[in-house]
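Enquirer: I am attaching a structure below and will ask some questions about it afterwards.
Residue numbers (UniProt numbering): 1 to 561.
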């Protein structure tokens with residue numbers, strides 16, 4: 001039986017919170033009803049209740065109460081909110097009441113979580129949620145009392161159990177170290193003037209596949225979701241665009257690294273690779289488009305090419321040729337510091353690669369490419385479909401009737417057109433350096449009935465050979481520039497190395513090297529004498545029939561044999 005005093009305490013809490021709490025007495029999970037408002041309550045009663053509420057809410061507990069969650073929030077998302085702070089042992093989502101309860105394995109983890117989100121707003125699916133201690137020491141569930149409240153589950157659902165198991169696997173490796181450092185990490189900064197980050201408060205970010213320019217404000221908009229960003233320095237090193245981002249505490253840095261490592265800023269490109277910098281503090285001398293100290297807005301802008309001195313004593317020269325910080329996107333959403341849309345509930349697991357973009361690219365909506373200087377004796381619509389299909393889903397191809405060394409190619413999405421243009425402009429195809437640029441045309445028109453065409457225009461919109469048809473296709477993670485090494489996949493077990501070599505040889509190609517993947521013989525690498533040969537081989541060998549049910553898949557590889 002539930003004690004009356006506990007119910008009364010709960011009523012006081014509900015009247016002020018405007019939300020429900022759980023009772024977990026006698027192994028039963030039940031809901032305590034909210035108390036009605038009484039017109040004759042005097043000010044003394046209200047003051048007493050307010051004091052009692054503050055005392056109840058502030059008392060540490062392993063159970064966290066989360067309010068104002070979106071209706072579609074899953075158990076996994078609630079678990080991920082607490083995962084950076086330690087091991088999660090139980091979860092309960094009340095979708096009809098926009099609330100959830102999260103039980104941590106240790107009270108210190110719950111204390112760190114409540115303290116952290118007391119200083120910055122927690123978000124789920126772009127919506128602010130409120131994190132506080134529950135009045136209860138643990139979440140108890142018992143199916144034998146299933147008649148207590150029909151609206152609540154009384155045993156962990158299969159989805160919650162699966163989410164807990166995934167959380168357990170991650171927290172085993174990262175949670176202990178995170179909780180151990182949480183006490184020091186949550187110390188407030190010194191008034192925002194001389195902020196010294198502890199170890200691992202500075203992240204080093206490398207942008208891979210940077211098809212579009214990335215400006216400092218875009219980085220700030222993304223990383224500020226996971227804690228207060230103090231300083232950012234951007235630079236180019238080893239031909240890659242990089243950034244150093246400083247947080248005030250290790251917890252923010254850990255959360256950002258876990259959530260964003262491997263994610264794409266834009267769909268299919270601009271991939272974030274994040275690790276910890278050896279530096280503990282950035283000394284920013286100028287506030288401009290290369291660097292920013294958000295704790296000291298009075299810094300001069302300096303010369304745009306000025307070097308940024310870091311505490312390590314090294315000098316890094318940022319050489320970033322891009323757009324200004326006030327980007328506006330033609331897709332209808334801002335990409336500046338305040339204009340970014342909510343990025344959605346990113347999964348906080350490094351095992352989930354970037355299947356969704358963080359922002360919309362600041363590029364024109366062109367999907368049609370103008371390709372010129374083609375070898376008109378050898379090029380066909382099918383050849384162009386196969387080659388350009390490496391970088392996107394080709395919808396239509398038109399080789400110009402009166403200028404057969406030129407063609408219009410329509411891609412499914414603007415970023416695919418830009419990928420193709422970036423990787424294939426000036427690429428040698430059938431002995432000639434092909435030129436690729438954006439066309440002024442919005443679509444490729446099919447020939448009208450009776451109009452001469454000679455088969456030079458083809459519609460591929462329904463082709464089964466599209467590589468990127470599924471949203472978030474993993475093929476986006478395997479886009480590489482043309483190279484002499486090709487990646488082969490979909491190889492049946494009955495096909496040998498000699499079978500594949502013979503297939504290439506019969507079509508006039510010389511194989512320099514071949515290697516099956518050690519752990520997966522469905523894939524292999526094949527090296528040709530030159531990039532020109534590899535381009536021709538990809539065009540001829542992609543979709544080559546290896547067996548009754550297997551067709552070869554060919555793409556460019558980043559590796560060599």
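From the three backbone atoms N, C-alpha and C, an ideal C-beta is built for every residue, glycine too.
These figures come from a predicted structure and were not determined experimentally.
1) Report yes if the C-beta distance between residue 282 and residue 254 is below 8 Å; otherwise report no.
2) Go through the UniProt domain "RRM" (367-441) residue by residue and report every complete run of the beta strand (DSSP E) that reaches 3 residues or more, in order.
3) Taking only runs of the alpha helix (DSSP H) that begin and end inside the region 237-310, which ones reach a length of at least 4 residues, in chain order?
4) Would the beta-carbon of residue 511 fall within 8 Å of that of residue 501?
5) Tell me which residue opens and which closes the beta strand (DSSP E) that residue 563 is part of.
6) Taking all protein chains shown into account, do 16 or more other C-beta atoms lie within 10 angstroms of the C-beta of residue 269, making it buried, or fewer, making it exposed?
7) Apart from the five residues just before and just after residue 209, which ones in its own chain have a Cβ nearer than 6 Å to its Cβ?
8) Contact defined as beta carbons within less than 8 Å: I believe residue 204 pairs with residue 242. What is the distance between those atoms, to the nearest angstrom?
9) Output needed for residue 64: all residues of its chain with C-beta closer than 8 Å, excluding positions within five of it in sequence on either side, in chain order.
10) Excluding sequence positions up to five away, which residues of its chain have a Cβ less than 8 Å from the Cβ of residue 565?
11) Can you check DSSP and say which residues form a bridge with residue 103?
12) Kindly indicate which three-state DSSP category residue 458 falls into: helix, strand or coil?
13) Between which two residues does the alpha helix (DSSP H) carrying residue 535 extend?
14) Can you give the Cα-Cα distance for residue 447 and residue 457, rounded to whole angstroms?
15) Quick one: residues in its chain with C-beta nearer than 6 Å to the C-beta of residue 430, no 5 flanking neighbours on either side, listed in chain order?
16) Would residue 485 and residue 561 be called neighbours here (beta carbons separated by less than 8 Å)?
17) Given a threshold of 16 other Cβ atoms within 10 Å of its Cβ, counted over all protein chains shown, does residue 318 qualify as buried or as exposed?
18) Could you check which residue in 290, 285 and 302 has the C-alpha nearest to that of residue 296?
19) Report, in whole angstroms, the separation of the C-beta atoms of residue 439 and residue 405, which I expect to be a contact under 8 Å.
20) Taking just the CA atoms, how far does residue 425 sit from residue 480?
21) Once DSSP output is grouped into helix, strand and coil, what is the label at residue 222?
22) Alpha carbon to alpha carbon, how far is residue 544 from residue 261?
23) Work out the CA separation of residue 528 and residue 453 for me, nearest whole Å.
24) Give the DSSP-derived three-state secondary structure of residue 117 in the structure shown.
25) State buried or exposed for residue 121, treating a residue as buried only when at least 16 other CB atoms are found within 10 Å of its CB.
26) Going along the chain, which residues of its own chain have a beta-carbon closer than 6 Å to the beta-carbon of residue 542, five neighbours each way excluded?
27) Going along the chain, which residues of its own chain have a beta-carbon closer than 7 Å to the beta-carbon of residue 551, five neighbours each way excluded?
28) For the beta strand (DSSP E) that residue 486 lies in, which residues bound it at each end?
29) For residue 444, which three-state DSSP category applies?
30) In chain order, what residues of the same chain lie with their CB nearer than 6 Å to the CB of residue 383, ignoring the 5 residues before and after it?
31) If we count the other Cβ atoms within 10 Å of its Cβ and call it buried at 16 or more, is residue 33 buried or exposed?
32) Rounding to the nearest angstrom, what Cα-Cα distance links residue 226 and residue 277 in this structure?
33) To the nearest whole angstrom, what separates the beta carbons of residue 410 and residue 436, a pair I think is in contact under 8 Å?
34) With H, G and I counted as helix, E and B as strand and the rest as coil, what does DSSP make of residue 559?
35) Just mark residue 395 as buried or exposed, buried being the case when its beta carbon has 16 or more other beta carbons within 10 Å.
Expert: For this structure:
1) no
2) 368-372, 394-399, 407-411 and 435-438
3) Runs found: 250-260.
4) yes
5) Residue coverage of the chain in this structure runs from 1 to 561, which leaves residue 563 outside it and unanswerable.
6) Here residue 269 is buried: its Cβ has 16 or more other Cβ atoms, across all protein chains shown, within 10 Å.
7) If we look at residue 209 and ignore the five residues flanking it on each side, its Cβ neighbours are 269 and 271.
8) 7 Å
9) 82, 101, 102, 103, 104, 110, 113, 114, 131, 132, 133 and 134
10) No statement about residue 565 is possible, as the shown extent of the chain runs from 1 to 561 and does not include it.
11) 63 and 90
12) Reduced to three states, the DSSP call for residue 458 is strand.
13) 531-541
14) 7 Å
15) 375 and 378
16) yes
17) Bear in mind that the predicted position of residue 318 carries a pLDDT of just 28, short of 50, making it unreliable; the figure below should be weighed with that in mind. So residue 318 counts as buried.
18) 285
19) Residue 439 to residue 405, Cβ: 15 Å. No contact.
20) 14 Å
21) helix
22) 36 Å
23) Taking C-alpha positions only, residue 453 is separated from residue 528 by approximately 36 Å.
24) When secondary structure is reduced to three states using DSSP, residue 117 falls in the helix class.
25) Exposed is the call here.
26) 386 and 554
27) If we look at residue 551 and ignore the five residues flanking it on each side, its Cβ neighbours are 490, 543, 544 and 545.
28) 485-489
29) coil
30) Here the set comprises 539.
31) Residue confidence for residue 33 is low, a pLDDT of 32 falling below 50, so the modelled location carries little weight; the figure read from the coordinates is stated next. Flag for residue 33 reads exposed.
32) 18 Å
33) Not quite, the Cβ-Cβ distance comes to about 13 Å (not below 8 Å), so this is no contact.
34) coil
35) buried
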